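**Student:** Per my numbering, the sequence shown starts with residue 637, numbered consecutively.
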Amino acid sequence: MSAVWSTPLVHDRMMVTGAGSGIGRGVALEAAARGATVYIVGRRIERLKETIALAEGAPGTLIPLACDLTDPVAVDALFTGVETEGGPVQALAHCAASVQYQPAREITFESFSQVIGTTLFTAFNTLHRWARPLLDTEFDGVAVALTSSVAHRGTPGVAHSSAGKSGIEGYVKSVAREWGGSGIRMNVVGPGRFPVEKSKDMWDRLTAEENSTGTARIAVGRYGRLSEIVGPIMFMLSEAAGFLTGEVLHVGGGDRLTPAIGAPPGITAAQATGDA
Ligand SMILES: NC(=O)c1ccc[n+]([C@@H]2O[C@H](COP(=O)([O-])OP(=O)(O)OC[C@H]3O[C@@H](n4cnc5c(N)ncnc54)[C@H](OP(=O)(O)O)[C@@H]3O)[C@@H](O)[C@H]2O)c1
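Structure follows, in structure tokens:
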């Protein structure tokens, strides 16, 4: 992928979580293309190595680190290792999450906890631990966390994900206020629908009718392309966004301009309402 946003990054040593696939992988490859040193994080080391193979020839360096970000002890060890190597990492793109579709009526305490764990707790564990050495020193820092348009649309079938993603937005706004004076900026990017890798497989299985229903509620009439979400994330990490903090940038091709009509792919409206 070529450089999608040419304004210099604030810091060229950074961490990207969820870099073994999808949007996080796109961010890591773009950062490598710009010559950055990037710690790439996910649970599966083989997926991270695939990302490194895709970056072959890029001027930057990708360093794979396997970690389950739901575990605060593992996250502490992750950052301690990186900091021992080269001091605090001053830029972070937190793209890791896994969501699941489930009608609200079927959500149990266990499934709710699991999804809150992989959305909100991974974000808290990562962002909180990332900031700690920056707050203890004179270093500044910039972070971006991914949420989702589902948090704003009342989308059926993802009540637990919506709660987790909304929680991330609330957390980021509060800490942006508390930590802004210490030179830390933190923003949110909320993707609409980007059929990348895992989610692409799911959306590729949709019928033509399901696809046209999905794209009809997007103002530009199509799903997003990888570069169209990587660009806004890189913008948040760049000098061009130097006066932005605590903001939520929605990148959905205008999907928030239309009423929330549809359940996500793979779940029927009847299932979502519990009528199936
Ligand atoms: N694609 C879309 O249309 C879309 C729409 C709205 C929001 N988003 C958000 O954008 C972000 C990226 O989405 P994506 O489509 O790129 O998803 P993806 O391809 O599933 O990537 C998510 C990555 O997170 C990693 N991950 C999941 N749980 C983890 C954990 N506990 N610890 C460490 N790593 C973990 C996964 O790797 P391992 O399994 O190897 O750990 C995976 O590489 C997510 O926050 C997602 O909710 C995406």
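Backbone N, C-alpha and C fix where the C-beta goes; we use that ideal spot for every residue, glycine too. As the structure is a computational prediction, the values presented were derived from the model and not from experiment.
Give the range of the beta strand (DSSP E) segment to which Ile854 is assigned.
**Tutor:** For the purposes of this step, residue 854 is taken as the residue at position 218 of the sequence shown. Looking at the DSSP string, Ile854 is not in any beta strand (DSSP E), and its letter there is neither H nor E.
**Student:** Using the beta-carbon count (16 or more within 10 Å), is Glu666 buried or exposed?
**Tutor:** For the purposes of this step, residue 666 is taken as the residue at position 30 of the sequence shown. With 16 or more Cβ atoms within 10 Å of its Cβ, Glu666 is classed as buried.
**Student:** Whose CA, out of Val832, Gly656, Val663 and His647, lies closest to the CA of Ala781?
**Tutor:** Your numbering for residue 781 matches position 145 in the sequence shown. Nearest option by C-alpha distance: Val663.
**Student:** So Ala781 is in the beta strand (DSSP E); what residue range does that whole segment cover?
**Tutor:** Counted from its first residue, the sequence shown places residue 781 at position 145. Unbroken beta strand (DSSP E) run through Ala781: Gly777 to Leu782.
**Student:** Among residues of its own chain, excluding the 5 on either side of Ala691, which ones have a beta-carbon nearer than 6 Å to its beta-carbon?
**Tutor:** For this step, residue 691 is matched to residue 55 along the sequence shown. Same-chain partners within the cutoff: Leu665, Ala668 and Leu698.
**Student:** Sort Val825, Ser848, Gly826 and Gly660 by Cα distance to Val677 and report the nearest one.
**Tutor:** Translated into the one-based positions of the sequence shown, residue 677 becomes position 41. Selected option, being the one with the closest Cα: Gly660.
**Student:** Since I believe Gly696 is in contact with Gly671 (beta carbons under 8 Å), could you give me their beta-carbon distance rounded to a whole number of angstroms?
**Tutor:** Translated into positions along the sequence shown, residue 671 becomes position 35. Translated into positions along the sequence shown, residue 696 becomes position 60. Confirmed, Cβ separation roughly 5 Å.
**Student:** Could you tell me whether the segment 765–773 touches the segment 816–835, using the rule of 3 or more Cβ pairs below 8 Å?
**Tutor:** They touch, by the three-pair rule.
**Student:** How far does the alpha helix (DSSP H) with Ala729 in it extend, from its first residue to its last?
**Tutor:** By one-based count along the sequence shown, residue 729 stands at place 93. It is not in any alpha helix (DSSP H) - Ala729 instead sits in the beta strand (DSSP E) that spans Ala727 to His730.
**Student:** For the alpha helix (DSSP H) that contains His647, what are its first and last residues?
**Tutor:** Here residue 647 refers to the residue found at position 11 when the sequence shown is read from its first residue. Careful: His647 lies outside any alpha helix (DSSP H) and carries neither H nor E.
**Student:** Along the chain, where does the beta strand (DSSP E) containing Gly678 start, and where does it finish?
**Tutor:** To locate residue 678, count along the sequence shown from 1; it is residue 42. Segment Thr673 to Gly678, the beta strand (DSSP E) holding Gly678.
**Student:** Within 7 Å: the Cβ of Ile699 and any heavy atom of ligand 1?
**Tutor:** Position 63 of the sequence shown, counted from the start, is the residue given in the question as residue 699. No, Cβ of Ile699 sits at least 7 Å from all heavy atoms of ligand 1.
**Student:** Tell me whether Asp704, by its Cβ, gets closer than 7 Å to a heavy atom of ligand 1.
**Tutor:** Start at 1 with the first residue of the sequence shown, and residue 704 comes out as number 68. At least one heavy atom of ligand 1 is nearer than 7 Å to the Cβ of Asp704, so yes.
**Student:** With DSSP as the reference, identify every bridge partner of His886, one or two as the case may be.
**Tutor:** For the purposes of this step, residue 886 is taken as residue 250 along the sequence shown, with counting starting at 1. DSSP, once it has assigned bridges, lists Gly826 as partnering His886.
**Student:** Which ranges would you report for the alpha helix (DSSP H) in the segment 655–710 if only whole runs of at least 4 residues count?
**Tutor:** As far as the segment 655–710 is concerned, its whole alpha helix (DSSP H) runs of at least 4 residues are 658–669 and 681–690.
**Student:** Considering just the uninterrupted stretch of the alpha helix (DSSP H) at Ala733, what are its terminal residues?
**Tutor:** Residue 733 sits at position 97 when you count from the first residue of the sequence shown. Where Ala733 is concerned, there is no enclosing alpha helix (DSSP H), given that its DSSP letter is neither H nor E.
**Student:** CA-CA distance, Thr720 and Leu645?
**Tutor:** Residue 720 sits at position 84 when you count from the first residue of the sequence shown. Residue 645 sits at position 9 when you count from the first residue of the sequence shown. Between Thr720 and Leu645, the C-alpha separation is close to 23 Å.
**Student:** Hey, would you say Arg853 sits closer than 8 Å to Thr894, going by beta carbons?
**Tutor:** Reading the sequence shown from its first residue, position 217 is the one you call residue 853. Reading the sequence shown from its first residue, position 258 is the one you call residue 894. It is a contact, given that the beta carbons lie within the stated cut-off.
**Student:** Going by C-alpha to C-alpha distance, which of Ala733, Ser734 and Val751 sits closest to Ala740?
**Tutor:** Residue mapping note: residue 740 aligns to position 104 of the sequence shown, counting from 1. With distances taken between Cα atoms, Ala740 lies closest to Val751.
**Student:** To which residues does DSSP link Ser874 through a beta bridge?
**Tutor:** The sequence position of residue 874 within the sequence shown is 238, counting from 1. Its beta-bridge partners are Leu645.
**Student:** So the candidates are His730, His647 and Arg813; which of them puts its Cα closest to the Cα of Val866?
**Tutor:** Residue mapping note: residue 866 aligns to position 230 of the sequence shown, counting from 1. The shortest C-alpha separation from Val866 is found at His730.
**Student:** Could you pull out every residue in the same chain whose Cβ sits closer than 6 Å to the Cβ of Met753, ignoring the five residues on either side in sequence?
**Tutor:** Within the sequence shown, numbered from 1, the residue matching residue 753 stands at position 117. The displayed chain sequence assigns Gly, not Met, to residue 753. The answer, listed in chain order, is Thr706.
**Student:** To the nearest angstrom, how far is it from the Cα of Gly806 to the Cα of Glu682?
**Tutor:** One-based indexing of the sequence shown puts residue 806 at position 170. One-based indexing of the sequence shown puts residue 682 at position 46. Cα to Cα, the separation comes out at about 33 Å.
**Student:** Quick one: what does DSSP say Asp911 is sitting in, helix, strand or coil?
**Tutor:** Counting from 1 along the sequence shown, the entry for residue 911 is found at position 275. Only weak support exists for where Asp911 lies, its pLDDT of 46 falling under 50; the value from the coordinates is given anyway. Note: Asp911 maps to coil in three-state DSSP.
**Student:** Who are the near neighbours of Ile869 in its chain, counting only those whose CB is closer than 7 Å to its CB and skipping five residues on each side?
**Tutor:** Taking the first residue of the sequence shown as position 1, residue 869 is located at position 233. Excluding sequence neighbours, Ile869 sits near Val663, Ala729, Val780 and Val825.
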